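Comments concern the structure below.
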Amino acid sequence: MLKEISLNEEPHGIYPIKWVQAGILDNVPSPLVRVTTCGSLKIEVLYMADTQSSLGHYHTVSLERSRKGSSTGLTLLKMLASLPGHYASKDWLTEHLSSTRNYESDDEEEWGRGFVRVDNVVYLLRHLLCSQSISWHENVRKVLVSYVRNHRESGPGYQLAGEPLLWLDVDSIISSFKKAVSLEKQGKDACSYWEHVHALASKGSYLSDEPYSDWAKDKRLEIEGYLRHCVHRIHHFYLSSDRENREEQAIMLLRQYWQTHLTDEDILRPLMELLGKNARVQEALDCYQRLCERLAMEEEAPDPQTLEIAQNLHSHRGQEKDEALTPFSIVNTQPIIIRAVGNENRDEAKLTFMQKNASVENGKPFFLPDGLSQAPLWRRLSRTLEDHHASLPLLSAENDKVLPSISTAISEGIMTAAAHLGGGFDMDMPRRQLLQQIFGMATASIFLSPSSLQSTASNIEQFISQCDANISGCWQLMNGCNIVMVQSVLSTWLPSLDRLVKQPSKYQKKLAHLATEGYILAGLITILQQNYSEAEWCCVQAVNYSRLADDVNLYVAALKHLATKYLDANYPLKMLQTYQKALNSINDVSPLLRSRTYLGLALAYARCKQEKEAFDYLGLAQETFPEKPEDDSSFTFADCGITSLNHYGGLIYLEFNQPDKALHIFDEVNTLQLKGLASERTVIEIMNCQAEAALMQQDLELSSTLLAKGIEGAMKLHSKKRLQESQMIYQKMCHQWPHEAKVRALATLFPPEMN
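If you read the sequence shown in full-length UniProt numbering, its first letter stands for residue 1, the second for the next number, and so on.
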């Protein structure tokens, strides 16, 4: 019945099999298919059975080696696996399969776009699930995905087979869970079943590649509930047993779960208690710190029970009683370490702006943030500072007369260094004068010590004035391509400002306002370098300081920038939730921020495939946009102009497969640029969007021209993110036109390290 064949497939797995009856067929090896949905989706198909050992050899299905349309067949499998009884009507499948397809999915030109014939997709899925090595594979395929006749009212549909023919991990999880519960009711040991549930469910989130598909949510929540329950049961079993290293096993179990569920305090509390009991207090407090950081992003605080455990652990380390923990005290007193939301496997990101001290310490003029010390501008500037370092005293209220001469010398040094760079640093006289002013003010804060800032009101007022002018200049530079300069200058005064704003004073609200704008700028810069974790942290800091500044416009602007970072990091649901927070203050903000909030909500809903809501909010954004946005009180820090309507409006049309409308809207930016209403940074960003729209239109000439301009702009902007976007479009073009010399020639425009 099964014959051994030569397959050019992925490495095969070997599992036990049984011989069963399937309908009219006798001695069918089972399972014929093994489907894993937790973690990475994996389909293993039986291709050889050993009757002597009752072992089956399975190969992993590879879409790259499958026929066209297989990914749509895979989507059908995901849907059936997620629905009750693994059944769906043809009407339901027609509606939902069509909505999942787009122009780039499978290169299936002969299928057309939009409407999908369900029968064709079922045919593809059946071929994915059943190897041709089975002699009667056609009959088996119809059993694996069976046609179900219903009454006329319900209509026919399709059902995915279950055990014994098809093994599905979520079915195994549910059956093992029910068996464990039944055994415990009888007073019997059920640990092996709980461990089986844990082994399957802990591999990863259910269908992790379908985070926003409504049809997968119920099953995902169901499996999450089973996993959480079994972790508690296994933890209880370990601690009540007499097995060796039971506490260490419990710690490993709890930590593994908690690392992907950071805000689950019911798991964290026993983990912290066990760590403390085993003399690992610092490790327990580190876990508490990570909880505080994540909750701070949600504007929430730890549960009082969790705080009490942390306080007890803290006191056991011999701390003074008057240093008792508050919900966020650990976060405020230790280096900030965060993880990007939605991806707990991302490397820990330490905030570079806060790692270095901006004053003269340890015999050096100042310390640079990580990554900046290698920037060409700073390499040249550091030589100037080293030449003058021996004669530079710390500034204080008594010797601050040396500041003007130092500022002049250093600003001239910076301009000299910038001139040596050439290229993107060529500038006209107004911009050169602006830079001289900014750097003159920035260098003042390089040499300010924290003690001098705290000593007199005049020093603080001088520092505020310098930061205020500096921020205004940096916003102007952000409209061009001098991002590297802004990044370098920002690092010279933001750490000092951050320390100063935490001290209660009559200047605190103003300092908090400046810190908010500083961190907004920092977030804009870091996202262009694809540092998503640090960009998120900067924007969270901006949100926190905006509340301290007691400025609703600033608060909503900070939320807007945080939401944009989630957009850039491809977390649309998090983006939507953040804009919804801003919506609570919509009646209290300026017209520009009101329009920009509606605009952000429109794109967030579009990314979540909610078309009606997307266009409703787009209409609100257009209706409420002010005639003269430059006169709006929030114009500077909102980082929003008339081109924002074009940018986001075009992206929304792209989300719903309307490239013609998107391209028309994007093209309007060229006219706005000629009128001086579009910043160079925005034009460069939209260039890639235009290329994407032209690609969707299958316009080779236009997409090639636009992509070339996009690559040039990204390099001028020194933006890794824009370059990566250009590269992704280039790869799509290679897929669309694999033999076009014009497309291949675009590769030479990228930096050598990207080829």
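Built from N, CA and C at the ideal position, the CB exists for glycine as well.
What you are looking at is a predicted structure, and each value in this text was computed from that prediction instead of being measured.
Check	Outcome
Drop a sphere of 10 angstroms on the beta-carbon of Pro-29, count the other beta-carbons inside from all chains shown, and report buried for 16 or more, exposed for fewer.	buried
From which residue to which residue does the alpha helix (DSSP H) around Ala-201 run?	191-201
Specify whether the region 489-503 and the region 532-539 touch according to this definition: at least 3 beta carbon pairs, one from each stretch, less than 8 Å apart.	no
With a 10 Å radius around its C-beta and 16 neighbouring C-beta atoms as the bar for buried, classify Gln-487 as buried or exposed.	buried
Roughly how many angstroms separate the alpha carbons of Ile-14 and Phe-177, rounded to a whole number?	25 Å
Closest by CA to Gln-160, which one among Leu-80, Glu-210 and Gly-225?	Reading off the sequence, residue 160 comes out as Leu, not Gln. Closest by alpha carbon: Leu-80.
Could you check if Ser-82 is buried or exposed, using at least 16 other CB atoms within 10 Å of its CB as the buried criterion?	buried
Does the CB of His-96 have a neighbour CB from chain D at under 7 Å?	Note that chain D does not occur in the displayed structure, where there is just one protein chain.
Assuming Met-575 and Ala-563 form a contact by the criterion Cβ under 8 Å, report the distance between their Cβ atoms to the nearest whole angstrom.	5 Å
Secondary structure at His-647, three-state DSSP: helix, strand or coil?	helix
Residue ranges of each alpha helix (DSSP H) run of no fewer than 4 residues wholly in the UniProt domain "Bacterial transcriptional activator" (203-311), ordered along the chain?	214-240, 246-258, 265-277 and 281-297
Whose C-alpha, out of Gln-610, Leu-271, Asn-139 and Tyr-507, is nearest the C-alpha of residue 758?	A question about residue 758 goes unanswered here, because the residues of the chain that appear run from 1 up to 755.
Among the residues of its own chain, which have a CB less than 7 Å from the CB of Ile-729, if the five just before and after it don't count?	Asn-688, Ala-691, Glu-692, Leu-695 and Leu-707
Could you please give the first and the last residue of the uninterrupted beta strand (DSSP E) stretch that includes Glu-508?	Correcting the residue type first, residue 508 is Gln in the shown sequence and not Glu. Looking at the DSSP string, Gln-508 is not in any beta strand (DSSP E); the run it does join, the alpha helix (DSSP H), is 508-528.
Let me know the alpha helix (DSSP H) ranges lying completely inside the region 702-744, each 4 residues or longer, listed in chain order.	720-736
Could you check what DSSP says for Asn-399 in three-state terms: helix, strand or coil?	With a pLDDT of 42 at Asn-399, under the threshold of 50, the modelled position of that residue is not reliable, and no figure is offered here.
Taking 7 Å as the threshold (C-beta atoms), are Arg-594 and Cys-640 in contact?	no
Is residue 770 near His-235, with beta carbons less than 7 Å apart?	Because the chain here runs from 1 to 755, residue 770 falls outside it and cannot be looked at.
What would DSSP say about Lys-565, mapped onto helix, strand or coil?	helix
Considering only their Cβ atoms, is the gap separating Phe-666 from Ile-686 smaller than 7 Å?	yes
Tell me which residues share the same chain as Glu-184 and place their Cβ nearer than 7 Å to its Cβ, disregarding the 5 neighbours each side in the sequence.	Ala-190
Pick helix, strand or coil for Leu-97, following the three-state DSSP scheme.	helix
Would you identify the three-state DSSP class for Tyr-47, choosing helix, strand or coil?	strand
Can you check DSSP and say which residues form a bridge with Val-29?	It should be pointed out that residue 29 corresponds to Pro in this sequence rather than to Val. Answer by DSSP bridge pairing, in chain order: Trp-19.
Report yes if the C-beta distance between Ala-201 and Tyr-238 is below 7 Å; otherwise report no.	no
Of all the options Lys-18, Leu-128, Asp-50 and Gly-39, which has the alpha carbon lying nearest to the alpha carbon of Thr-72?	Leu-128
Buried or exposed for Lys-277, going by 16 or more other Cβ atoms inside 10 Å?	exposed
Could you give the distance in angstroms between the alpha-carbon of Gln-259 and the alpha-carbon of Leu-275?	15 Å
Using only the alpha-carbon positions, how far apart do Ala-621 and Ser-208 sit?	33 Å
Using the Cβ count rule (16 or more neighbours within 10 Å means buried), how would you classify Ala-741?	exposed
From the DSSP secondary-structure annotation, give me the bridge partner or partners of Leu-168.	Val-35
Specify, as a first and last residue, the run of the beta strand (DSSP E) that Ser-546 falls within.	Where Ser-546 is concerned, there is no enclosing beta strand (DSSP E), although the alpha helix (DSSP H) it sits in stretches over 532-549.
Name the residue from Val-197, Asp-218, Val-181 and Tyr-653 whose alpha carbon lies nearest to the alpha carbon of Lys-78.	Asp-218
Comparing alpha-carbon positions, which option in Gly-473, Ser-533, Thr-263 and Leu-654 lies nearest Arg-607?	Leu-654
Identify every residue that forms a DSSP beta bridge with Gly-13.	Tyr-58
Could you tell me whether the region 510-517 touches the region 549-557, using the rule of 3 or more Cβ pairs below 8 Å?	yes
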